[in-house]
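Colleague: Below you will find the structure I want to go over with you.
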Amino acid sequence: MSDKPHQNLAIIGHVDHGKSTLVGRLLFETGSVPEHIIEQHREEAAEKGKSGFEFAYVMDNLAEERERGVTIDIAHQRFDTDKYYFTIVDTPGHRDFVKNMITGASQADHAVLVVAADDGVAPQTREHVFLARTLGIETLIIAVNKMDVVDYSEDTYEQVKTEVQELLKQVRFDSDDARFIPISAFEGDNIAEHSDNMDWFDGPTVLESLNNLPEPSPPTDAPLRLPIQDVYTISGIGTVPVGRVETGTLNVGDNVSFQPSDVAGEVKTIEMHHEEVPKAGPGDNVGFNVRGIGKDDIRRGDVCGPADDPPSVAETFQAQIVVMQHPSVITAGYTPVIHAHTAQVACTFESIDQKLDPSSGEVAEENPDFIQAGDAAVVTLRPQKPLSIEPSSEIAELGSFAIRDMGQTIAAGKVLSVDER
Ligand code: GDP
123 MSDKPHQNLA
133 IIGHVDHGKS
143 TLVGRLLFET
153 GSVPEHIIEQ
163 HREEAAEKGK
173 SGFEFAYVMD
183 NLAEERERGV
193 TIDIAHQRFD
203 TDKYYFTIVD
213 TPGHRDFVKN
223 MITGASQADH
233 AVLVVAADDG
243 VAPQTREHVF
253 LARTLGIETL
263 IIAVNKMDVV
273 DYSEDTYEQV
283 KTEVQELLKQ
293 VRFDSDDARF
303 IPISAFEGDN
313 IAEHSDNMDW
323 FDGPTVLESL
333 NNLPEPSPPT
343 DAPLRLPIQD
353 VYTISGIGTV
363 PVGRVETGTL
373 NVGDNVSFQP
383 SDVAGEVKTI
393 EMHHEEVPKA
403 GPGDNVGFNV
413 RGIGKDDIRR
423 GDVCGPADDP
433 PSVAETFQAQ
443 IVVMQHPSVI
453 TAGYTPVIHA
463 HTAQVACTFE
473 SIDQKLDPSS
483 GEVAEENPDF
493 IQAGDAAVVT
503 LRPQKPLSIE
513 PSSEIAELGS
523 FAIRDMGQTI
533 AAGKVLSVDE
543 R
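Quick note: the sequence shown uses this note's numbering, first residue 123, plus one each step.
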């Protein structure tokens, strides 16, 4: 662990535009690839008379391991700049990326958008930028990659930059802060050092831009909300729910309530990293024990909060959603599964209240008959089983969700208001 402020960073962009290569390069340049891996490949490279190609070997290794579906994976990799330590959050291409990004399993404040210079804006470039805006990514660094493939041409870079600026304008992403950098992730141009191949560019490198990002948003003063991931029984201790504190503080001695199971008790012990601690705050993964609560009293999907300010349980809730993909149309009565924090509950579309202009957010149609892929809308949803969820304006961490059906993420949403049971 590091004393530096922590930043969650998303790497987004169209498939094959170079996201993994960029992550590999960032890890390599910041000395974050485990030394034994570098060493192993340095030897291999030297044997084959290719010393200096360690990076290529690291990438091969990352790719190979990824194909086998084991160990090294670009998500959850860490690296440091002078000012911050970064964790790469789930990245598109990962099966559950969209879902995780939405439900907060990997909330990022900032993102690097990778756009290949030889391909420009592609379908997933659009989708991810749209999603980034909906989910409130603050700063975008746009890496125009594969500059080596286009002979480091300034003209090509400017063309791609204009295309991306156009896209940002369409989705009303405040592009003033968007930083563009021409790079080659593969060759290492403008990643850690200014590239001699692109004298015409005098802006910051990728690492400098990451280092210059605004500080992560400070924790809010929202009450305790701790979605439960699992419930264990541990001999000598008893029932131990585990989860990550999203907001507020959990203290030994607190009276807490679990919703929607609707049970309460006093916190006896809190454990973090196998050590007992007196309290835990946002981002901490904890196991804790509550007096008088049995294993069957609570379950995954419950949210723990103060007994005098318990988590809301929705009879219905109104939300703003963006439909990303759906084979036909969505009408009232449709009942997909909502994934919110650790809960998964079937919810029925009670009504489709408004269709919105996705770029401006203004109302385009009241009470439309249906919505479809590409539409943004305000809808009212009715959970088929009790669901704890909060208005996004009050507790953002518990106020966003993914709508899934047929193994796909259909839509992303933010809770506007909750009509409590
Ligand atoms: P991802 O799907 O976005 O993660 O893309 P990858 O990182 O897997 O890269 C896709 C392909 O593009 C691979 O064959 C990479 O070697 C290649 N690639 C990535 N970055 C560069 C670059 O800067 N220059 C060149 N020439 N090839 C690159």
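We put the beta carbon where it would ideally sit given N, CA and C, even for glycine.
Would you say residue 441 and residue 536 are within 9 Å of each other, going by their C-beta atoms?
Modeller: Translated into positions along the sequence shown, residue 441 becomes position 319. Translated into positions along the sequence shown, residue 536 becomes position 414. Closer than 9 Å, so yes.
Colleague: Contact defined as beta carbons within less than 8 Å: I believe residue 380 pairs with residue 461. What is the distance between those atoms, to the nearest angstrom?
Modeller: As a working note, residue 380 is residue 258 in the sequence shown. As a working note, residue 461 is residue 339 in the sequence shown. About 19 Å separates the two Cβ atoms, so there is no contact after all.
Colleague: Can you tell which of 360, 425, 484 and 443 has its C-alpha closest to the C-alpha of residue 111?
Modeller: Look at the range of the chain in this structure, 123 to 543, and you will see that residue 111 is not part of it.
Colleague: Let me confirm a value: residue 307 is counted as buried when at least 16 other C-beta atoms fall within 10 Å, else exposed. Which label applies?
Modeller: Counting from 1 along the sequence shown, the entry for residue 307 is found at position 185. When all chains shown are included, residue 307 counts as buried.
Colleague: Can you name the start and end residues of the beta strand (DSSP E) that residue 346 belongs to?
Modeller: Stepping through the sequence shown from its first residue, residue 346 is reached at position 224. Element bounds for residue 346: n/a, residue is neither H nor E.
Colleague: Taking residue 69 as the reference, which of 402, 385 and 427 has the closest Cα?
Modeller: One cannot answer for residue 69 here, as it falls past the ends of the chain, which runs 123 to 543.
Colleague: Can you give me the C-alpha to C-alpha distance between residue 208 and residue 395, rounded to a whole angstrom?
Modeller: One-based indexing of the sequence shown puts residue 208 at position 86. One-based indexing of the sequence shown puts residue 395 at position 273. Near 20 Å, if we compare the C-alpha coordinates of residue 395 and residue 208.
Colleague: Starting from residue 470, follow its DSSP beta bridges and name the residues at the other end.
Modeller: Within the sequence shown, numbered from 1, the residue matching residue 470 stands at position 348. Looking at the DSSP assignment, residue 470 forms a beta bridge with 504.
Colleague: Which residue wins for smallest C-alpha separation from residue 446, given the options 392, 494, 139 and 294?
Modeller: The residue you call residue 446 lines up with position 324 of the sequence shown. Out of 392, 494, 139 and 294, 494 has the C-alpha closest to the C-alpha of residue 446.
Colleague: Identify whether residue 146 lies in helix, strand or coil by the three-state DSSP scheme.
Modeller: The sequence position of residue 146 within the sequence shown is 24, counting from 1. Note: residue 146 maps to helix in three-state DSSP.
Colleague: Considering only residues of the same chain and omitting the five flanking positions on each side of residue 422, which have a CB-CB separation below 8 Å?
Modeller: Position 300 of the sequence shown, counted from the first residue, corresponds to residue 422. So the list reads 350, 351, 352, 353, 464 and 465, once near-sequence residues are dropped.
Colleague: Determine the closest residue to residue 391 out of 250, 376 and 382, with distance taken between C-alpha atoms.
Modeller: For the purposes of this step, residue 391 is taken as residue 269 along the sequence shown, with counting starting at 1. If we check each option's Cα against that of residue 391, 376 comes out closest.
Colleague: Under a three-way DSSP split, which group does residue 206 fall into?
Modeller: Working through the sequence shown from its first residue, we reach residue 206 at position 84. It is coil, neither helix nor strand.
Colleague: Check whether the region 484-494 touches the region 396-413, taking contact to mean three or more Cβ pairs, one atom from each stretch, closer than 8 Å.
Modeller: No, they do not touch.
Colleague: Comparing the CB of residue 544 with every heavy atom of the ligand GDP, is any distance shorter than 8 Å?
Modeller: Nothing can be reported for residue 544: it is not among the residues displayed for the chain, which extend from 123 to 543.
Colleague: My understanding is that residue 503 touches residue 470, with C-beta atoms under 8 Å, so please give their C-beta distance in whole angstroms.
Modeller: Position 381 of the sequence shown, counting from 1, holds the residue named residue 503. Position 348 of the sequence shown, counting from 1, holds the residue named residue 470. About 7 Å separates the two Cβ atoms, so the contact holds.
Colleague: In three-state terms, what does DSSP make of residue 274?
Modeller: For the purposes of this step, residue 274 is identified with residue 152 of the sequence shown, where counting begins at 1. It is coil, neither helix nor strand.
Colleague: Name the residue from 312, 240, 338 and 310 whose alpha carbon lies nearest to the alpha carbon of residue 261.
Modeller: Numbered from 1 along the sequence shown, position 139 holds the residue referred to as residue 261. Answer by Cα proximity: 338.
Colleague: Have a look at the DSSP bridge pairing and note the partners of residue 355.
Modeller: For the purposes of this step, residue 355 is identified with residue 233 of the sequence shown, where counting begins at 1. BP columns for residue 355 point to 361.
Colleague: Look at the Cβ atom of residue 368, then the Cβ atom of residue 348, and state whether they are nearer than 9 Å.
Modeller: As a working note, residue 368 is residue 246 in the sequence shown. As a working note, residue 348 is residue 226 in the sequence shown. It is a contact, given that the beta carbons lie within the stated cut-off.
Colleague: Take residue 344 and list the residues in its own chain whose beta-carbon comes closer than 8 Å to its own, dropping the five residues that flank it on each side.
Modeller: Translated into positions along the sequence shown, residue 344 becomes position 222. Only 369, 370, 516, 517 and 519 meet the Cβ criterion.
Colleague: Compute the Euclidean distance between the alpha carbons of residue 267 and residue 382, then round it to the nearest angstrom.
Modeller: Position 145 of the sequence shown, counted from the start, is the residue given in the question as residue 267. Position 260 of the sequence shown, counted from the start, is the residue given in the question as residue 382. Near 48 Å, if we compare the C-alpha coordinates of residue 382 and residue 267.
Colleague: Quick check: the Cα distance between residue 437 and residue 402, rounded to an integer number of angstroms?
Modeller: Along the sequence shown, one-based indexing puts residue 437 at 315. Along the sequence shown, one-based indexing puts residue 402 at 280. Those two C-alpha atoms are separated by around 31 Å.
Colleague: Take the Cβ of residue 194 as the centre, count every other Cβ of all protein chains shown within 10 Å, and call the residue buried at 16 or more, exposed below.
Modeller: Within the sequence shown, numbered from 1, the residue matching residue 194 stands at position 72. Because the pLDDT of residue 194 is 41, which lies under 50, any placement of that residue in the model is unreliable, and the question is left without a value.
Colleague: Tell me which residues share the same chain as residue 244 and place their Cβ nearer than 6 Å to its Cβ, disregarding the 5 neighbours each side in the sequence.
Modeller: The count along the sequence shown starts at 1 and reaches residue 244 at position 122. If we look at residue 244 and ignore the five residues flanking it on each side, its Cβ neighbours are 136.
Colleague: Note down, in chain order, each residue of its chain lying with its Cβ closer than 8 Å to the Cβ of residue 255, except the 5 sequence neighbours on either side.
Modeller: Translated into positions along the sequence shown, residue 255 becomes position 133. Closer than 8 Å at Cβ, skipping near neighbours: 293, 294 and 295.
Colleague: Compute the Euclidean distance between the alpha carbons of residue 280 and residue 250, then round it to the nearest angstrom.
Modeller: Against the sequence shown, residue 280 aligns to sequence position 158. Against the sequence shown, residue 250 aligns to sequence position 128. Approximately 21 Å, taken between the alpha carbons.
Colleague: Helix, strand or coil for residue 132 per DSSP?
Modeller: Locating residue 132 in the sequence shown gives position 10, where the first residue counts as 1. DSSP places residue 132 in strand when its eight states are reduced to three.
Colleague: Across which residues does DSSP place residue 411 in a beta bridge pair?
Modeller: Position 289 of the sequence shown, counted from the start, is the residue given in the question as residue 411. Beta-bridge pairing links residue 411 to 391.
Colleague: Just the C-alpha distance for residue 211 and residue 232, rounded to the nearest angstrom, thanks.
Modeller: Within the sequence shown, numbered from 1, the residue matching residue 211 stands at position 89. Within the sequence shown, numbered from 1, the residue matching residue 232 stands at position 110. If you take the alpha carbons of residue 211 and residue 232, they lie about 10 Å apart.
Colleague: From the DSSP output, which residues share a beta bridge with residue 477?
Modeller: Here residue 477 refers to the residue found at position 355 of the sequence shown. Its beta-bridge partners are 487 and 499.
Colleague: Going by CA-CA distance only, name the one from 203, 406, 358 and 373 that's closest to residue 366.
Modeller: For the purposes of this step, residue 366 is taken as residue 244 along the sequence shown, with counting starting at 1. Comparing Cα positions, the closest option is 406.
Colleague: What does the alpha-carbon distance come out to for the pair residue 473 and residue 533?
Modeller: Walking along the sequence shown from the start, residue 473 turns up at place 351. Walking along the sequence shown from the start, residue 533 turns up at place 411. Roughly 16 Å separates the two Cα atoms.
Colleague: Which residue's Cα is closest to the Cα of residue 304: 362, 360 and 239?
Modeller: Here residue 304 is taken as the residue at index 182 of the sequence shown, counted from 1. When each option's Cα is compared against that of residue 304, the closest is 239.
Colleague: Taking C-alpha atoms, which residue in 132, 236, 321 and 129 lies nearest to residue 138?
Modeller: The residue you call residue 138 lines up with position 16 of the sequence shown. When only C-alpha atoms are compared, the closest one is 236.
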